[in-house]
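Note that our numbering numbers the sequence shown so that position 375 is 542, with each residue one more than the last.
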Amino acid sequence: MHRAIPSGNGRWYFRYTDSFGKRQLHAMGHFPDLSLADARSEAAKLALIYQQDRNLKAVLQEQEAAREQTRRQQDQARIEQERQQANSAQVTVGALMDLYVADLKQRGKVSSAGDAQSVFTIHAAHLRALPANALTRQHVTDTLRMVVESGKGRTAGVLRSYLSAAFKRALDAEDDASIPAGFLIFRQAGLERNPAAETKALTQFVRARDRHLSEMEFRHLWRRLGDAGIPGAALQTAITLGGQRIAQLLRAQVSDVDDEGILTLRDPKGRRTEARLHFLPLAGLAEVLVNNALVRARELGTTWLFTTDGDKALHPDTLSHLVGDLSKVMLEAGEAATPFQMKDVRRTLETTLSRMGVSESHRAQLQSHGLAGVQARHYDKHNYLAEKRAALIQLTAWINQG
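If you want it as structure tokens, here you go:
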């Protein structure tokens, strides 16, 4: 049935008698949107339904309800799929790497964070898109093999170590309240294993360096550092303080030097949740160098003790590059027998202090290493300032001999 209106448009109806004997009209659509042919086809379908059940309205309402339920289910499925996709993006290997690097920074392990970020970016970028719970031991082994075969066995060991540590943080998060909540999503997404820890340790590539500078090499280095500006003075300070770690020294601020001439550094190395306070008495050449740094910092109006422009602290890489450059220059000048690195300078200082008769325990206190044992952490509360001062005065006397 077609009912026309003056505008020329109209509406198609299907007319029927319901189960109560009442005449009913069912609107099928508008003309011309619904053509005559389409209206006839729709009427034929309705007639077929009507033959099976005269209560056409109820049948059509049930069909519409069923279609609406299907639409809702499809919408819910789509939303769930989108949620899972979003969650998958948050629980990839790359997301875990990034979270672990941020976690290291949060714990004050800035140097380790930089190392982890670098090795992840250079050697494991192809793993980033994988869901963390889909990474297998074979994935990790193949990745480590590529690094080893490129001639970087030690780097492969470093990559394995950082990957394993990242997965361990995620696995331990449920039971360890000190681990940031961001790690919890990996367990919730089904992470159950540490694929990096399942690979064989690459201990054959871990070779302890034993390079240390001879006395003559050291004196050539010391002289050249005196001509190397602020970075050279910073490294001389690290030396006169007994071979302090550069990253820790360069984080020092003016407020870390107190009125009694004590410099406080912060040592975050190891498994500490908080950095260990490392107290160093300013004695001998160290006192002169730190006082010079204090004067310069105040002139620049900066809080940083070691800075070139006052805006930011010197970066450890600046000093590492300086040592590398001086190593090359000294080799060419015949002042060094073999190349040396920053860590070799620190080793040289410990060797020198040992030769002077400074005990192993006092050297450990001075350089803040090997102090993670139960005895050192919980029972030995002596500050060793007198012993450190005596060692630094001895060291100054030795340096001044040249």
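Glycine included, every Cβ here is placed at the ideal spot set by N, Cα and C.
Threshold first: 4 residues or longer. Then list the alpha helix (DSSP H) segments lying entirely within the stretch 366–450, N to C. Those alpha helix (DSSP H) runs which fall completely within the stretch 366–450 and span 4+ residues are 382–392, 396–407, 413–417.
Using only the alpha-carbon positions, how far apart do D270 and Y329 sit? The alpha-carbon of D270 is positioned some 12 Å away from that of Y329.
Could you say which of S487, H549, R360 lies nearest to P298 if we only look at CA atoms? Comparing C-alpha distances from P298 to each of S487, H549, R360 shows the shortest one belongs to R360.
Can the beta-carbon of K212 be found closer than 8 Å to that of D185? No. Outside cutoff.
Are the CB atoms of P347 and V307 nearer to each other than 8 Å? No Cβ-Cβ contact shorter than 8 Å links P347 with V307.
Taking the continuous alpha helix (DSSP H) assigned at T515, which residues delimit it? Run containing T515: 509–522, per the alpha helix (DSSP H) assignment.
Rounded C-alpha distance that separates D343 from G524: For D343 and G524, the distance between alpha carbons rounds to 44 Å.
In chain order, what residues of the same chain lie with their CB nearer than 6 Å to the CB of M509, ignoring the 5 residues before and after it? For M509, where only same-chain residues beyond five positions count, the Cβ hits under 6 Å are S487, V490.
Is it true that the CB of T303 sits closer than 8 Å to the CB of V314? Against a cut-off of 8 Å, the Cβ pair of T303 and V314 comes out as no contact.
Of the choices Q191, K495, R295, S208, whose alpha-carbon is the least far from that of H387? Looking from the CA of H387, the closest CA among Q191, K495, R295, S208 belongs to K495.
Please identify the residue among F181, I566, R312, M383 whose C-alpha is closest to the C-alpha of G501. From the listed residues F181, I566, R312, M383, the smallest Cα separation to G501 is found for M383.
At the level of alpha carbons, what is the spacing between H193 and E229? About 15 Å.
Identify every residue that forms a DSSP beta bridge with R182. Beta-bridge pairing links R182 to L192.
Identity of the residue in L294, R295, D265, H293 nearest D282 by Cα: Considering only alpha carbons, the answer is D265.
Comparing C-alpha positions only, which one of D200, R556, L430, F507 sits nearest to H379? Here the closest residue by C-alpha is F507.
Where T370 falls, given that 16 or more other Cβ within 10 Å makes a residue buried: Classification of T370: exposed, given that the 10 Å Cβ count is below 16.
Taking buried to mean at least 16 other C-beta atoms within 10 Å of its own C-beta, is A368 buried or exposed? With fewer than 16 Cβ atoms within 10 Å of its Cβ, A368 is classed as exposed.
Whole-angstrom distance between R295 and P435, CA atom to CA atom: Taken atom to atom, the span from the alpha-carbon of P435 to that of R295 is near 28 Å.
For Q240 and I352, the rounded distance between their alpha carbons: Those two C-alpha atoms are separated by around 26 Å.
Suppose you measure from the CA of T505 to the CA of L493; what does that come to, to the nearest Å? The straight-line gap from Cα to Cα measures roughly 12 Å.
Looking at the structure shown, is N298 part of a helix, part of a strand, or coil, going by DSSP? Looking at the sequence provided, one finds Pro at residue 298 rather than Asn. Reduced to three states, the DSSP call for P298 is strand.
Whole-angstrom distance between G396 and V455, CA atom to CA atom: When rounded, the separation of the alpha-carbon atoms in V455 and G396 is 15 Å.
For L461, which option in A400, Y217, T259, D339 has the closest C-alpha, if you only look at C-alpha atoms? Ranking the options by Cα distance to L461, first place goes to A400.
CB-CB length for F446 against L552, believed under 8 Å: Confirmed, Cβ separation roughly 6 Å.
Of the listed residues Q415, T288, E341, A206, nearest to V325 (C-alpha basis): Nearest C-alpha to V325: T288.
H306 by DSSP, collapsed to three states: which one? Helix at H306.
Given Q273, which residues of its chain have a CB within under 6 Å of its CB, disregarding the five upstream and five downstream residues? Only residues of its own chain outside the window of five on either side were considered, and among them none has a CB closer than 6 Å to the CB of Q273.
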